[in-house]
Every structure is written in C-alpha cells, then in structure tokens.
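J.:
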C-alpha cells in the first residue's frame, strides 16, 4: 500500500481558510473569470485538506484494509464555492460495521478538525464493490465515481475503482448513464421550472444553473475512452473535442465563467451555503461583483439599475448554458447503430433525426422572415430545430441592428408571427412562441418588446421576468382554448369559446406589461399595443381595442378584490367604460391570464371567484339593455328586517332565511354568540351573530387569527332594533392550506367557543384608544414601500368612504386596523383583506368621512401598525 506523504500545514487551518476566502472575495470583485477563481480556490482547499487526510491514512495503517480518501462533486471538478459542503469519501476494503468504535473514532479524528475550522465536511464511506453496485441505481453515486479525485491513501485502489466504473457505466457503455442524466433534468425542470427568466433564480438547480454545467461536463467525461478527472484549465478544449463549433465552445465557456462567479458571489454575500438568488441577496451582488461607480450606500434607483445589469448577465449566461450545453450533451451520445433518416421537405429544409435542418450555407441572413417559417414548419411536423439552424436564425436576428424595422414592417413576417401567436396546438417546451423569443425574432417583429427581455419585477409578487410572464400568459390562454383547464377555469373556457378572432386578445396579452420597461406600464403599454396592431394589419378599430385592453388590464382585478360588487352604480360605470360584451370577454381573459401567471400561489380560488362575479354582474348589466329596476327589494317575513339594500342583493333567499333563524335563535337563548360555517367558493363562509358593540370587528378578526384563520372578506351588518345584533359574514381561509380542517359542525363549535371567550374580555369604549405595543419589524433588505400607506376615496354614489391600507404582514394586522376604526366610533360595512408576499392590502367601506375624520383615522391606523425599531 503506497501511502501519500504527510505535509505540515502552512498555517492553522482556520486562518488559512479565512485567507483563502478573502483572496476569493478579492478575485470575484476584481472581475476574474469564475472558472479560474474557483479552480484556484478549490486547489487551495485541497492543499488544506491533504495533510490531515494523509495523517489519518497513516494512523489507520492496515486496520481497515486498503484505504484511500477521495473528494467528489464540485471540489473534485475545481468548482468548489466558499460555503459549499466538502464532499469526502473514504474508500476502503474493510470498513467498520455499525457500532464499530474504532472506525467511528477514526472518522471523528478526520472530520472534527475540519468542522472546527469552519468547513462543512460531508463524509461517506464506501467499499469498492458496494459503491459500484449502488451506482447502478443511484445517479449521485454514479456521477461521484466520474468526479472522484485522489487525495490520500492507496492510489492504486482508487485507480482500479475508476477503471471498473468506466468499464461498467461510461465510455462505450455511457448510453444508459446519459439517459439517467436526461431523466434527472426532466425531474428538475418540473420542480424548478423550464425558463431561466425567473426573478429569484436558483443558481444551482434552476434552468441553466451550475447543475446544468455539471451535466455537460459529466457527459464530456463519460465519452472519453479511459477514466480521466475533469481539468478546469482545459474546458474550451474539452468542449471543442465534442465536435461543436468554436463559437459555441467560446460562448459556453464564457457562460460557465459567469455562472460560477455569480454563485461564488452569492455565497460570499449570504455568508453561508445559498443557492437561490433571493431579492435580499440581489442587493449585495453588485458591490460584490465590483460594479464601478456604485456608491457605498447607493440610492434605490441606482441599486435597482445595478441589480438589473447583474440579472441581465445571469439570464444571458443561463440561457447559453441551456442552449449550448444541450448541444454538447447531444454530441456525447454514442454512435447510432441505425443510420439517421433524412426526409426532404422542400428545397430549403429537410429533417434529420427529428430536427429541422436548412440546406445551403445560411438562407436566413438575406431573408430573416424565413426564420419564422422554420419555426412554423418545426411546429407542423412536431420536431425541434437542429443546432446549426438555430444558430443561423439567431445570427440573422442579431444582424438586424437596432432601428432596422425590416421584419416589423414586413406584412409576411407579421402574418407568420400572428399565426404562431394564436395557434393553440403548439404544445411543448419550449413552445414556438418561446422559441421565437429565444432566437430574437419576437423583438424584431415587435421592436418595442426588446426592453422587456429579462426585465426584473421588483415588487415581490412576480416569479418571472416581464417577457417570460407575458409569454406564459399567452400560453395560458392557449391551454384555455384547448380545454386543458375546463375544470379549474370553467368560466374562462366558456368565455373563450365565444372569441371569434383571437388576434386582438392574444396580442394584447403578450403586450400587457410591455410598458413596464419604459416606466409607464399602462400609457406606454397601450400605445405600443395599438402600434403593434396597426403593423399587424388589424385595422384602427381593433388597434383601439388592443390599447384599451392593455390600459385597463388591472381594472377587473382591482375592482373585484377591492370594491363592493353589489354596488350597482359601480358595475354600471364599469360596463360603460368597457363598452360592449366582446370587449368585456377579452378584458376578462387578459386579466385572468395575467393573474394566473404572476406566481403559482397568486391566483387563489377566492380571487378567481371575485373576478368571475364581476364578469357575471357586468355581463348582466349589458343584458339589461337599458332596463332598470325601480322598485326596492323588500324583505319577506322570514328574512331579517331593517338591513340596507346591499344585504338583500348580496345573499340569496336561502341564506337570508338562514340568517333570520340564527337571529331568532340568539334572541331566544342565553347564548351570547352563534357561529355557522359552510364551504364556499374559494373560502369558507363563517357567519357570526352576536350582540353588537364598538370594536366588535377587531375582536372577531383577532379571534380568527388565534385559530389560524385568515379573513379575506367581511360583510358587516347590524339589525337596527334593540338589542342591536350584529350579523357579520366572513370569508376565511386557513393560514396553513395543508392543514386538514375538521368537519363544519366541529369547526363552528370551536370558533363559537373561542369567539365567545374573546368577546367576554374584549376592550370597549375608551380602552380602544389605548396604545398597542409595537409590532415586530419584519421588513427584509430594502423592502421598498415598507411603511404603512393609507389612502381614501369615495364610492360612485359619494355616500361612503373607501379606505385602502397597505402594510407589512404581521400577526393581528387586520384586528389592529379594525380597532383604529372602532376607537373613533366608525362602523365598518365591508372589509376585503389580501395577504401575500409579506404584505397586507386591506380595503374598508365606512360612512362618508370628512377631512378631519380621515386625518384622525390615518393617524390611528399608523399608530396601531407601528413596528419596533431594529
């Protein structure tokens, strides 16, 4: 057994590690390529690790048979990040069994100094035979065999293991291994998404991240004729050896450098292992990357611009890793036993191995519209584009300089693009529209779309960039058109069936956020939509409708979530704004497509219920055709009496009768509170009947919060007879959606008991004015707009004041806001409360307030929502 010689450490391990990380920090800030700086850092980690490993091997002697220590993973490939796990494997022929104190003690002696120094050793023990057997089932063990790099011990043992692994899994036998890598990529795609254009990307496992770098590196290693460790100094040479063009190798190498440097910067900013580039860490990235002229404490606008530049670099690099890494991977596949089929389409294109390939040197340079035709042909034949054809289309698009409107002014190009845009049959990943954007043709057909490419959305709601969000919104409409969502979006499916010309709808959906990049989401967006419609030959009337759809695409979500939908004047005014049923249908679908693609959690069933309700009420308004009801609704003898008209239009006859029974039961019993629970559309309906008093709503909302229930809506009524009885109808959702709720009767009993106890000790009168303790400060990073905002407006009849409150999410926020109203003796009629992304957006209707009352209320709300200073 040849044992590596022992080395004396050049400095205590902890100090040496700190020095290595500081050197890495300087290299990152100085702009050194990511591959080179992480290679040097990895080598330094191995220098620090080797002496202790060699000493451990020496202490073991022959007690555990043949023994060696190897590193695997990013450290073995020279891509180790500063706070990543130190992946070590002990290979030995006679490993200790479970409970073997001698072997356990030896492992502890090896790893404890590493832990004490601030490293994160991740230790596994393998016998050669067990490792090889397990690698047949476990992909991570298989890639570890490919990665492993000798550190100390019996080198011959490691070489024999590498040779046997190569014979079984790699080289001529690599087909199964490469397929396992493809399967793993599909699993990651389902979990992390298929697009690089995410506003908080995962730099390791996300599309185009460092795991995708590993994929093509493993493929290159597997295609070799003999086992050979990855050499970070010859990356371009290794890529070129696969047979891809020099340009592809250069672009992929540059993308690799950017991704590795960015991930190292993220670790340094976070001070720990961190893969997801969250907003809070994005704020530290520009300074870590050494952005010139960035102030020590930059203004928000300056910092946002720097973050935007960093993210644009990320998107370009991640896209190139995906695009060109897959090309390298395909070149690493073993030769086919059967010759590839070559099917001719016409004099310009043929199909080879289910990929569209063009004849000739480059037909796209002189005729860039041919790129759109190629996408259509690939769609029609359900095939992909070959690498050379994809490159040729990209180069042709790049050759069209800024300001060159050749494609934008070409009627054929416009028609071909619209055909791709509205065709619902183009499924796949990427879809033809996504591919059109990826190769750069979309922004040549619609030049105003170019600033949206990779444009960040910093408000915290969107998970995709402006361009990807917009494309996904279009794909959502196509899924609706195909009937894919007929169960989840029944209304939308029915509405889409009535769309006779989808072009205005789909064009407006694509461009609904295009104005964001220009600083005027609605005004500039509407102008661009109208211009694009005219270029597409849709005519001035349709262009005007596209302008309207883009300008008003947030109106339906705002009205449905924040306003009283039983207000006939509001619905009538909205109908007059929309103009006709066709425009209503289109606006509803644009709004829905937008909401459905903000994030997976954004469009809740409650929001969908409200949007559908506004659509139906507006459609009914159009159906009246000028007929107006003049007689007020009168309550029946078996319904509650003395309530405002909106009560009788809000609830159907069955519910009104049920409410009357609850009121009668409370009056005739000794109970102080009655609660009824029923499943509702999008949220549970909880009806509370109790004796009315000041501050009641604040107490009830606090009680719901105690039980893990979040109030999303409240309709508050008070029967005007003595004794006054409150009839409050809440819509609540569980704060933990995965929590299994009890049966309705059990839940009603639980809520009733808890609310009764709460009401018995609730503050009343002047005690409602007492100061509340400050809330915890939960703002993260530079949480823009973190302070509480209070805005006032009036309903269409100018009889009620609408109070909009925006604040940071905290326990009991709704109760604190309600208490501010009660302290001033103000009765809330309606409450709508939305909580997401650590923000609360609440709306309250009260009787009309004068200026002094508004000032006092705003002051009271802010006082109740103040947070502790950090």
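Residue numbers (full-length UniProt numbering): 1 to 870. Cβ coordinates follow ideal geometry from the N, Cα and C atoms, glycine included.
1) Mark residue 805 as exposed unless 16 or more other C-beta atoms lie within 10 angstroms of its C-beta, in which case mark it buried.
2) Go ahead and pull the three-state DSSP assignment for residue 835.
3) Give me the Cα-Cα distance between residue 677 and residue 421, rounded to the nearest whole angstrom.
4) Within the chosen definition, does the region 205-225 reach the region 178-197 through at least 3 CB pairs nearer than 8 angstroms?
5) Just to confirm before moving on: does the CB-CB distance between residue 244 and residue 327 stay below 8 angstroms?
6) Would residue 788 and residue 801 be called neighbours here (beta carbons separated by less than 8 angstroms)?
7) In the structure shown, what three-state DSSP assignment does residue 302 receive?
8) Classify residue 607: buried if its beta carbon has 16 or more other beta carbons within 10 angstroms, exposed otherwise.
9) Whole angstroms are fine: how far does the CA of residue 509 sit from the CA of residue 455?
10) Quick one: what does DSSP say residue 826 is sitting in, helix, strand or coil?
11) What's the call for residue 215, buried or exposed, on a 16-neighbour Cβ count within 10 Å?
12) Tell me which residue opens and which closes the beta strand (DSSP E) that residue 516 is part of.
13) Can you list, in chain order, the residues of its chain with a C-beta nearer than 8 angstroms to that of residue 172? Leave out the 5 residues immediately preceding and following it.
14) Using DSSP's beta-bridge definition, name the partner residues of residue 140.
15) Does the distance from the C-beta atom of residue 73 to that of residue 87 stay below 8 angstroms?
16) Have a look at 639, 255, 385, 306 and flag the residue whose alpha-carbon is nearest the alpha-carbon of residue 235.
17) Look up residue 782 in the DSSP assignment and say whether it is helix, strand or coil.
18) Use the C-beta contact count for residue 401: other C-beta atoms within 10 angstroms, 16 or more gives buried, fewer gives exposed.
19) May I ask you to report which of helix, strand or coil DSSP gives residue 314?
20) CB-CB under 6 angstroms to residue 815, same chain, minus the five flanking residues each way: which ones, in chain order?
21) Please identify the residue among 301, 531, 530, 840 whose C-alpha is closest to the C-alpha of residue 458.
22) Please classify residue 26 as buried or exposed, where buried requires at least 16 other C-beta atoms within 10 Å of its C-beta.
23) Measure the C-alpha to C-alpha separation of residue 670 and residue 798 and round it to an integer number of angstroms.
24) Does DSSP put residue 919 in a helix, in a strand, or in coil?
25) Pick from 473, 384, 386: whose alpha carbon is nearest that of residue 424?
26) Can you grab the Cα-Cα spacing for the pair residue 730 / residue 716, in whole Å?
27) Compute the Euclidean distance between the alpha carbons of residue 175 and residue 222, then round it to the nearest angstrom.
28) Distance, Cα to Cα, residue 727 vs residue 642?
29) When you compare only the Cα positions, how much space is there between residue 396 and residue 47?
30) Starting from the C-beta of residue 866, find all residues in its chain whose C-beta is less than 6 angstroms away, skip the five residues before and the five after it, and write them out in chain order.
31) What's the C-alpha gap between residue 313 and residue 757?
32) Thinking C-beta only, is residue 524 closer than 8 angstroms to residue 515?
33) So residue 393 packs on residue 439, CB below 8 angstroms; how close in whole Å?
34) Between the region 706-716 and the region 822-841, can you find at least three pairs of beta-carbon atoms closer than 8 angstroms?
35) Considering only C-alpha positions, which residue in the set 476, 13, 431 is nearest to residue 496?
36) Would you mind working out which of 33, 836, 379, 130 sits nearest residue 317, comparing C-alpha positions?
T.: In brief:
1) Buried, by the Cβ-count rule.
2) Of the three classes helix, strand and coil, the one that applies to residue 835 here is strand, per DSSP.
3) Spanning the two alpha carbons is a distance of roughly 46 angstroms.
4) Counting Cβ pairs under 8 angstroms, three or more are found: they touch.
5) Their beta carbons are under 8 angstroms apart, which means residue 244 touches residue 327 by this criterion.
6) If you check the CB distance, residue 788 and residue 801 do not come in under 8 angstroms.
7) Three-state result, residue 302: helix.
8) With a 10 Å radius around the Cβ and a threshold of 16 neighbouring Cβ atoms, residue 607 comes out buried.
9) Residue 455 and residue 509 have their C-alpha atoms some 17 angstroms from each other.
10) In this structure, DSSP gives residue 826 a state outside helix and strand, which the three-state scheme calls coil.
11) When all chains shown are included, residue 215 counts as buried.
12) Careful: residue 516 lies outside any beta strand (DSSP E) and carries neither H nor E.
13) Contacts found: 334.
14) In DSSP, residue 140 forms no bridge with anything.
15) The answer is yes: Cβ separation under 8 angstroms.
16) The option with the nearest alpha carbon to residue 235 is 255.
17) Any answer about residue 782 is weak, because its pLDDT of 45 lies below 50 and its placement is not dependable; what the coordinates show is given next. Note: residue 782 maps to coil in three-state DSSP.
18) Exposed is the call here.
19) In the structure shown, the three-state DSSP call for residue 314 is helix.
20) Counting only residues of its own chain and dropping the five nearest sequence neighbours on each side, residue 815 has a CB closer than 6 angstroms to the CB of 698, 701, 702.
21) It is 301 whose Cα lies nearest to the Cα of residue 458.
22) In the assembly as shown, residue 26 is an exposed residue. Its beta-carbon has fewer than 16 other beta-carbons within 10 Å.
23) Those two C-alpha atoms are separated by around 41 angstroms.
24) An answer regarding residue 919 cannot be provided, because it is not within the stretch 1 to 870 covered by the chain.
25) Looking at the Cα atoms, 473 is the closest of the given residues.
26) If I take the Cα positions, the gap works out to 8 angstroms.
27) Those two C-alpha atoms are separated by around 9 angstroms.
28) In this structure, the alpha-carbon of residue 727 lies about 12 angstroms from that of residue 642.
29) A direct Cα-Cα distance of roughly 49 angstroms separates residue 396 from residue 47.
30) Annotation for residue 866: 774 place their beta carbon closer than 6 angstroms to its own, counting only its chain and skipping 5 residues before and after.
31) Cα to Cα, the separation comes out at about 58 angstroms.
32) Against a cut-off of 8 angstroms, the Cβ pair of residue 524 and residue 515 comes out as a contact.
33) Their Cβ separation, rounded to whole angstroms, is 5 angstroms, which keeps residue 393 and residue 439 in contact under 8 angstroms.
34) Judged by Cβ distances under 8 angstroms, the region 822-841 makes contact with the region 706-716, as three or more pairs qualify.
35) With distances taken between CA atoms, residue 496 lies nearest to 476 out of 476, 13, 431.
36) Checked all of 33, 836, 379, 130; the closest Cα to residue 317 is 33.
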